[in-house]
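Colleague: Each residue of the sequence shown is one higher than the last, beginning at 1156 in the numbering used here. For each residue, glycine too, the CB sits at the ideal point set by N, CA and C. No experiment lies behind these values; they were computed from the predicted model shown. Questions regarding the structure given below will be posed in turn.
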Amino acid sequence: MLLQLKIQLFASKKGAGSTRNGRDSHSKRLGAKLSDGQFAKAGSIIYRQRGTKIHPGTNVGIGGDDTLFAKISGIIKYEKKRGNRKKVSVYLQ
């Protein structure tokens, strides 16, 4: 007669758990690059944004990613538009 032994072994150490954290995107460095009253050279970036938080005014262009840039060299002026809108313009010295 043969004896049959049923042995079940358990782990002596708990397995390492997984986490759902640890991912993040790099910051996009949005916001004002030049402030009111500063001198801007033609082509320099004035404001980086997503959507038109600030609208382009006189002598200011808007890029494909809504970045505002100076079309001419001059002094930057942040102004109010109708309603709650803001705009930025560049004026000659």
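Since Ile1162 is in the beta strand (DSSP E), which residue starts that stretch and which ends it?
Modeller: Locating residue 1162 in the sequence shown gives position 7, counting from the first residue. Element bounds for Ile1162: n/a, residue is neither H nor E.
Colleague: Within the same chain, show all residues whose beta-carbon is closer than 6 Å to that of Tyr1233, passing over the 5 residues directly before and after it, in chain order.
Modeller: For this step, residue 1233 is matched to residue 78 along the sequence shown. Asp1191, Val1243, listed in sequence order.
Colleague: Rounding to the nearest angstrom, what Cα-Cα distance links Gly1229 and Leu1185 in this structure?
Modeller: Looking up residue 1229 in the sequence shown gives position 74. Looking up residue 1185 in the sequence shown gives position 30. Those two C-alpha atoms are separated by around 22 Å.
Colleague: Which partner residues does Ser1244 have in the DSSP bridge list?
Modeller: Walking along the sequence shown from the start, residue 1244 turns up at place 89. Looking at the DSSP assignment, Ser1244 forms a beta bridge with Lys1232.
Colleague: To the nearest angstrom, how far is the alpha carbon of Ile1239 from that of Ala1171?
Modeller: Walking along the sequence shown from the start, residue 1239 turns up at place 84. Walking along the sequence shown from the start, residue 1171 turns up at place 16. In the sequence as displayed, the identity of residue 1239 is Asn instead of Ile. C-alpha separation (whole angstroms): 54 Å.
Colleague: Measure the Cβ-Cβ separation of Leu1189 and Ala1195 and say whether it is below 8 Å.
Modeller: Position 34 of the sequence shown, counted from the start, is the residue given in the question as residue 1189. Position 40 of the sequence shown, counted from the start, is the residue given in the question as residue 1195. Their beta carbons are under 8 Å apart, which means Leu1189 touches Ala1195 by this criterion.
Colleague: Checking the sheet assignment: what are the DSSP bridge partners for Ala1171?
Modeller: Taking the sequence shown and counting its residues from 1, one reaches residue 1171 at position 16. Paired residues: none, contrary to the question.
Colleague: Judging by CA-CA distance, which residue of Tyr1246, Lys1183, Thr1207, Val1215 is the nearest neighbour of Ile1200?
Modeller: Counted from its first residue, the sequence shown places residue 1200 at position 45. Of the listed residues, the one whose Cα sits closest to Ile1200 is Val1215.
Colleague: My understanding is that Asp1221 touches Gln1193, with C-beta atoms under 8 Å, so please give their C-beta distance in whole angstroms.
Modeller: Mapped onto the sequence shown, residue 1221 falls at position 66. Mapped onto the sequence shown, residue 1193 falls at position 38. That belief does not hold up - the Cβ atoms of Asp1221 and Gln1193 are roughly 20 Å apart, past 8 Å.
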